[in-house]
Structures are given as C-alpha cells and as structure tokens.
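What follows is a single structure, written as structure tokens, with notes after it.
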Amino acid sequence: MPLVKPQLLPRTRMKTVLTTLAMGGIGLGVITVMRRSYSQAASGTPPAVFAGGPAFVSLPLESSEVVSHDTKRLRFIFPQNDAVSGLSLTSAVLTMSWPKGKWLPVARPYTPISGTDDTGFLDLLVKQYPNGKQSTHLHSLQPGQTLLFAAAIKRYQWQPNSFPQVTLIAGGAGITPVCQLARGILRNPQDKTAINLIFGVNSDEDLLLKEEFDGYEREFPGRFKATYVVSHPKKASPFRKGYITEELLRGLAPRPANGNTKVFVCGPPAMETSLVGKRGKTGALERLGYYRSQIQVF
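Per this note's numbering, the very first residue in the sequence shown carries number 238; after that it's consecutive.
Quick look at the structure:
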C-alpha cells in the first residue's frame, strides 16, 4: 500500500478547526452551567459560577483600577447579583482570549483576590509582563468588554485548624493566592489558625494589597503579622531592605518542630527554587528543618 504524505491544514482551515473545538467546549460548558443553575435554583442556594466542571462563562468588565505602575485590579460582574464564585480557597480561574492580531487563543490562570463568598463580582489583580500576551490583553480591556473564563483550577485544599500557625511567603504577583488563603482563614469564625506573612518585592510601590494586610493586623492582633522585604527601597523606606533568604526566615518563620506548621510559597521561579529547592538541590526551608510535606508551592 503506498504511503500517503501527511498534509498540513491551511492556516484558515486550522483556525476554523480550533474555533470549532473551542465552541464545542463552550457548548458543553453552557449545558453544564444550565444544569448547575437549575439544581441551585431548586435547592435555594446562591448560584455558583465555578461550582465544578467547565464554566465557559463570559463575564463583562465593570471597572479597571490602576494600583501600581504595572498592575491593575479588574472587576468582572457575575450574571446574577446574588451569585458567588463557588471557588474553594487557593483556587485559580483559567481565562481565555484571542488577543488582537492572534489567531490562536491564549489561556492563562489567575487567582482571584475577591472573597469566595463575595456576591455579584470577581476581582483579579493582574501584573502586565513584557511580551505577556494575556496580561497585555487584560490591561487593554475597557468596561463593558468581556473575558472568557473557561474553568476553575483547584490547588491545595485547605482545612480549617489544620495547623496552629502557617507561614505565607510571597514574591511579587505571587501575593494573590496567599491573599486569598489569608482572607479565607480570617473570615472563617471557626478557623483559629495564626498567619505569618512574609512578602518580598522590588520596590515600595510593588507592595500590593498592603492596605488590606494592615487592616488584618489591626483586626486580628496576635493572629496576623506581616513582614515586608524590599530589594530596592526608596530613601527612608520603613521596610526591610534585601531579599527573602534563609537568614531572614531563620528569625521570622516559626520552628518546624513536630510538623505542627506549614509553609506556603508563591513567587518568581528563582525565589521558589531558592526556598524550596529542586531535584538534587536542597532549598532554604529544608535546611531550616522543614520536611518536604510541610512545604506547599502554589
């Protein structure tokens, strides 16, 4: 039997195929959402946009707030005023878009900074990166324009009071899952976990969500403490100068005795490697005595 040489699909046909696949997924998502909405309406519970399975919901942007030189807070509106996200703590959402001039979709996960029980809206904190296709597109959105949310991405499943105290270490934009976890713990009156936040950034202006963390320190004295580390602080800055290092953590992180604590880490790859290590290389946290099972990377 003669061999048939495979042929590449023309660009226009490939785009049609990809679009068909995407629309098929959207159709499945719509059916899932309709079934979910009917079930919630029958039970009387608030509609949950990301209650499980594919979401494929297009949400309009209500507002875009500049919070730093490269970061915006984007608020998207749910279809119903009483709807909640339905996300579990530390979950992310997968966003999809077709940036201008691109024929292939771009998909990127973001961790919402709004509460899982906030009604009617979802907030994303988005840092724009050089040549970042999705972050640049999101920064260009104007109120009224929409963004496609494909699905929820579950991460570490937090259980209240799992540990007496946890340490949350964040670098730069890695503050978003850390913020979500801290808020979820503190908003739960049944959860008595104490939180030690260590947040490292490049400049004073990069200390995103600091006002919220200041509020937690006032509201939960003895339970929430934040330490800020700035690598290039401005003159007379009140914050520690430097980086999140083994030496710094030795004085700030609780002793890891008996496995009665846990450390959550989220930040740039170089920071995560330094703290957590990689194959064949021990990180700072293990050198301080933490077991691998006590370290969670988002």
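Even glycine gets a Cβ: it sits at the ideal position worked out from N, Cα and C.
query                                                                                                           : result
Sequence-distant residues of its chain with Cβ nearer than 6 Å to Pro346 (five each side left out)              : Ala329, Leu331, Ile390
Neighbour-count burial assignment, His306, 16 or more Cβ in a 10 Å radius                                       : exposed
Status (buried if at least 16 other CB within 10 Å, exposed otherwise) for Leu434                               : buried
Segment contact, 8 Å Cβ cut-off, at least three pairs: the region 306-322 with the region 353-365               : yes
Any 3 or more C-beta pairs closer than 8 Å across the region 424-438 and the region 372-385                     : no
For Ser511, three-class secondary structure by DSSP                                                             : helix
Asn368 versus Ile350 - alpha carbon distance                                                                    : 24 Å
Asp443 burial status per 10 Å Cβ neighbour count (16 or more: buried)                                           : buried
Between the CA atoms of Ser334 and Lys370 - distance to the nearest angstrom                                    : 9 Å
Which of helix, strand or coil DSSP assigns to Glu484                                                           : helix
Cβ-Cβ distance between Gly408 and Gly437 below 8 Å                                                              : yes
Own chain residues within Cβ distance below 7 Å of Arg516, not counting five before or after                    : none
Other residues of its chain near Phe400: CB distance less than 7 Å, five sequence neighbours each side excluded : Thr430, Asn497, Thr498, Lys499
6 Å CB neighbourhood of Lys364 in its chain, flanking five on each side removed                                 : Asp307, Thr308, Ala410
Asp441 (DSSP reduced to helix, strand or coil)                                                                  : helix
Straight-line Cα distance separating Thr519 from Glu483                                                         : 12 Å
Leu324 and Thr353 closer than 8 Å at C-beta                                                                     : yes
Unbroken beta strand (DSSP E) run spanning Pro346, endpoints                                                    : 343-347
Spatially closest choice to Glu449 from Val303, Leu423, Ala344, by CA coordinates                               : Leu423
3 or more residues per run - each beta strand (DSSP E) lying fully within the region 403-438                    : 431-438
Coarse secondary structure for Ala387, derived from DSSP in three states                                        : strand
Euclidean distance between Cα positions of Lys447 and Thr464                                                    : 10 Å
Beta carbon of Leu512 nearer than 8 Å to that of Ile481                                                         : yes
Residue range of the alpha helix (DSSP H) that includes Ala521                                                  : 521-524
Residue of Thr327, Arg455, Lys471, Gly514 minimising C-alpha distance to Val415                                 : Thr327
Best match in Gln402, Pro284, Arg392, Ala388 for proximity to Asp319 [C-alpha to C-alpha]                       : Pro284
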